[in-house]
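For my numbering, add 80 to where a residue sits in the sequence shown, where the first one is 1.
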Amino acid sequence: MTRTRTNPAQPITPGAAARYWRATRARDPRADGTFVLAVRSTHIYCRPSCPARRPLRRNVTFFRTREEAERQGYRPCLRCRPNEISGPVGLVQRAVDLLAQSTDESLRLRQLAQTLGATQSTLRRAFLQVTGLKPRELAEALRLKRFKALMRAGKSITDALYETGYGSSSRVYERSNAQLGMTPATYRKGGLGMKLGYTIAKSPLGKVLVAATERGVSAVYLGDDESKLVAELGEEYPRAEIAAASNGFERWVKEVLSRVEGQPPHFELPLDLQATAFQRRVWKELQRIPRGRTRTYAQVARSLGQPKAVRAVARACATNPVSIVVPCHRVIREDGALAGYRWGLSRKEQLLASERSAT
Ligand SMILES: [Zn+2]
81 MTRTRTNPAQ
91 PITPGAAARY
101 WRATRARDPR
111 ADGTFVLAVR
121 STHIYCRPSC
131 PARRPLRRNV
141 TFFRTREEAE
151 RQGYRPCLRC
161 RPNEISGPVG
171 LVQRAVDLLA
181 QSTDESLRLR
191 QLAQTLGATQ
201 STLRRAFLQV
211 TGLKPRELAE
221 ALRLKRFKAL
231 MRAGKSITDA
241 LYETGYGSSS
251 RVYERSNAQL
261 GMTPATYRKG
271 GLGMKLGYTI
281 AKSPLGKVLV
291 AATERGVSAV
301 YLGDDESKLV
311 AELGEEYPRA
321 EIAAASNGFE
331 RWVKEVLSRV
341 EGQPPHFELP
351 LDLQATAFQR
361 RVWKELQRIP
371 RGRTRTYAQV
381 ARSLGQPKAV
391 RAVARACATN
401 PVSIVVPCHR
411 VIREDGALAG
421 YRWGLSRKEQ
431 LLASERSAT
């Protein structure tokens, strides 16, 4: 993090100063947050887009941060308020405040943009850049977060629905099914009320634990030690009712095992997962990587339309609870190295090799 910070000791080159002056004359809002201009005659500093009259070039000094300007004794302009957070981060912050307060389910992007004095496309871009989510997804995530907090605090579903502004219970069921993979009734902290059956099978890669609810697969773990695998499941779903059983999902287990051996999928495995909207997008994208092939974290980020989200993509891969089904083993480092794998690098290697030979 600190590495990306501008080094304040670094002087501003004449070339940069010329660029800053052009942006200042154009009142370019895209330059906001990249530098401030300080006016020697008034001891005031402004953001590049300040609507006030342009000062004379010879009176202007540039600083990369407002802190530097303030250290030199300049005060923030009252018109453009350069000391308040601006740019995409500030915009998203204000939008999130509005969304968090609103119980209006139908709060539209257009309204939101109007209230914030931004265009819809600016707002959409800012959301993607800062949070990795579209405004609607973030609004939904915020609402679900509040909903979950109310449930945890012991509110009834009806009260929680009412207080988070959901129109009807059927809608929240619909959405939480899509977004959490769990219905509100089972969504209590750690999957309380969730019935999870698991079974452990042998495979060429060692033991495979498959856990599922009646709605879909919730975990696929690889390892050598059965008790360790069961313990991990308990950590992922601490309050679920967990029992050794595979009644009703033998077919899913068989399918997982065949994929462990590198075989092509026979049908789409239903999943029952807790995930953020972003994790879900990444996991879907991973499912598009052909068997035996690899992508880098950066390539996945690019195909999501968020080239800067490389680290977030890596995190989403690392937290994937259903290995094999969501093939995070097909993601590698930029330099071609395999990078990490929750279940061990040799398993990753072996998985890719068997997929290639079965292709
Ligand atoms: Zn100003």
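Glycine included, each C-beta is placed from N, C-alpha and C at the ideal position.
key: Near ligand 1: Cys157 beta-carbon under 7 Å from a heavy atom   = On the sequence shown, position 77 is the one that residue 157 refers to. Yes, the Cβ of Cys157 comes within 7 Å of a heavy atom of ligand 1.
query = So the alpha helix (DSSP H) Leu192 belongs to, where does it begin and stop?
reply = Taking the sequence shown and counting its residues from 1, one reaches residue 192 at position 112. Segment Leu189 to Leu196, the alpha helix (DSSP H) holding Leu192.
ask   = Can the beta-carbon of Tyr377 be found closer than 8 Å to that of Ala398?
value = Taking the first residue of the sequence shown as position 1, residue 377 is located at position 297. Taking the first residue of the sequence shown as position 1, residue 398 is located at position 318. It is not a contact, given that the beta carbons lie outside the stated cut-off.
ask   = Can you check whether the CB of Tyr100 is closer than 8 Å to the CB of His123?
value = The residue given as residue 123 occupies position 43 in the sequence shown. The residue given as residue 100 occupies position 20 in the sequence shown. Cβ distance not < 8 Å, so His123 and Tyr100 don't count as in contact.
key: Among His409, Arg134, Gly113 and Phe142, nearest to Ala97 - alpha-carbon criterion   = The residue labelled residue 97 in the question sits at position 17 within the sequence shown. Among His409, Arg134, Gly113 and Phe142, the Cα nearest to that of Ala97 is on Phe142.
Residue from Leu384, Arg138 and Ser201 whose Cα sits closest to the Cα of Arg368 = Your numbering for residue 368 matches position 288 in the sequence shown. The option with the nearest alpha carbon to Arg368 is Leu384.
request  = Tell me whether Cys397 counts as near ligand 1, meaning its Cβ is closer than 7 Å to at least one heavy atom of that ligand.
outcome  = Within the sequence shown, the letter at position 317 stands for residue 397. No, since every heavy atom of ligand 1 falls outside the 7 Å radius drawn around the Cβ of Cys397.
Sequence-distant residues of the same chain with beta carbon closer than 8 Å to His409, five excluded per side = Against the sequence shown, residue 409 aligns to sequence position 329. Non-local C-beta neighbours of His409 in its own chain, meaning closer than 8 Å and more than five positions away in sequence, comprise Ser403, Tyr421, Arg427, Lys428, Leu431 and Leu432, ordered along the chain.
ask   = Would the C-beta of Ala132 count as close to ligand 1, meaning under 7 Å from any of its heavy atoms?
value = As a working note, residue 132 is residue 52 in the sequence shown. For ligand 1, at least one heavy atom lies less than 7 Å from the Cβ of Ala132.
request  = Give a single yes or no on whether Cys160 has its beta carbon closer than 7 Å to a heavy atom of ligand 1.
outcome  = By one-based count along the sequence shown, residue 160 stands at place 80. Because some heavy atom of ligand 1 lies under 7 Å away, the Cβ of Cys160 counts as near it: yes.
query = Which residue from Gly416, Tyr278 and Glu365 puts its Cα closest to that of Gly314?
reply = Position 234 of the sequence shown, counted from the start, is the residue given in the question as residue 314. It is Tyr278 whose Cα lies nearest to the Cα of Gly314.
key: Phe142 in three-state terms, based on DSSP   = Counting from 1 along the sequence shown, the entry for residue 142 is found at position 62. Correct three-state label for Phe142: strand.
request  = Report buried or exposed for Leu179, applying the criterion of at least 16 other Cβ atoms within 10 angstroms of its Cβ.
outcome  = Indexing the sequence shown from 1 puts residue 179 at position 99. Leu179 should be labelled buried.
task = In the DSSP assignment, find the unbroken alpha helix (DSSP H) run with Cys397 in it and report its ends.
result = The residue you call residue 397 lines up with position 317 of the sequence shown. Residues Val390 to Ala398.
request  = Throw me the rounded Cβ distance for the Val297 and Val288 pair, which I believe falls under 8 Å.
outcome  = As a working note, residue 297 is residue 217 in the sequence shown. As a working note, residue 288 is residue 208 in the sequence shown. A Cβ-Cβ separation of about 12 Å leaves Val297 out of contact with Val288 under the 8 Å criterion.
ask   = Can you tell me where the alpha helix (DSSP H) with Ala201 in it begins and where it stops?
value = Counted from its first residue, the sequence shown places residue 201 at position 121. Correcting the residue type first, residue 201 is Ser in the shown sequence and not Ala. First-last of the alpha helix (DSSP H) with Ser201: Gln200 to Thr211.
request  = Could you pull out every unbroken alpha helix (DSSP H) segment of at least 4 residues lying fully inside the stretch 119–163, listed in chain order?
outcome  = 146–151
query = Skipping 5 residues on each side, what residues in its chain have a beta carbon closer than 7 Å to that of Arg174?
reply = The residue given as residue 174 occupies position 94 in the sequence shown. For Arg174, where only same-chain residues beyond five positions count, the Cβ hits under 7 Å are Leu196.
Spatial distance of Lys225 from Pro91 (CA atoms) = Within the sequence shown, residue 225 is the residue found at index 145, counting from 1. Within the sequence shown, residue 91 is the residue found at index 11, counting from 1. In a straight line, the C-alpha of Lys225 is about 45 Å away from that of Pro91.
ask   = Whose C-beta lies closer than 7 Å to the C-beta of Gln209 among residues of the same chain, with five residues either side of it excluded?
value = Here residue 209 corresponds to residue number 129 of the sequence shown, with the count starting at 1. Contacts found: Pro168.
query = Could one say the Cβ of Lys364 lies closer than 8 Å to chain B's Cβ atoms, at least one of them?
reply = Reference to chain B is not applicable here, since this structure consists of a single protein chain.
ask   = Which two residues bound the contiguous beta strand (DSSP E) that contains Tyr301?
value = Along the sequence shown, read from residue 1 onward, the residue named residue 301 stands at position 221. Tyr301 -> beta strand (DSSP E) spans Val297 to Gly303.
inquiry  = If I measure Cβ to Cβ from Leu418 and keep anything under 6 Å in the same chain, skipping five residues before and after, which residues do I get?
reply    = As a first step, residue 418 is located in the sequence shown; it is residue number 338 there, counting from the start. These residues qualify, in order along the chain: Ile412, Leu425 and Lys428.
query = So, Arg151 versus Asn163, is the Cβ gap smaller than 8 Å?
reply = The residue you call residue 151 lines up with position 71 of the sequence shown. The residue you call residue 163 lines up with position 83 of the sequence shown. Contact flag unset, no.
task = For Leu285, name the three-state secondary structure that DSSP assigns.
result = In the sequence shown, counting from the first residue as 1, residue 285 sits at position 205. Leu285: coil per DSSP, three-state reduction.
message = According to DSSP, simplified to helix, strand and coil, what is Phe441?
response = Residue 441 lies beyond the stretch modelled for the chain, which goes from 81 to 439, so this question has no answer here.
ask   = Taking Cβ to Cβ, would you say Ala292 is nearer than 8 Å to Phe347?
value = In the sequence shown, counting from the first residue as 1, residue 292 sits at position 212. In the sequence shown, counting from the first residue as 1, residue 347 sits at position 267. Cβ distance not < 8 Å, so Ala292 and Phe347 don't count as in contact.
query = Pick from Ala193, Glu335, Gln386 and Cys126: whose alpha carbon is nearest that of Leu351?
reply = Residue numbering aside, residue 351 sits at position 271 when the sequence shown is read from its first letter. Selected option, being the one with the closest Cα: Glu335.
inquiry  = Spatial neighbours of Ala311 within its chain, please: C-beta separation below 8 Å, excluding the five flanking residues on both sides.
reply    = Sequence index remark: in the sequence shown, residue 311 carries index 231 (1-based). Hits under 8 Å: none found.
message = Does the distance between the C-beta of Cys467 and the nearest non-hydrogen atom of ligand 1 fall short of 7 Å?
response = The first residue shown for the chain is 81 and the last is 439, placing residue 467 beyond what the model contains.
CB contact flag (Thr93, Pro128, <8 Å) = Translated into positions along the sequence shown, residue 93 becomes position 13. Translated into positions along the sequence shown, residue 128 becomes position 48. Taking 8 Å as the Cβ cut-off, Thr93 and Pro128 do not qualify as a contacting pair.
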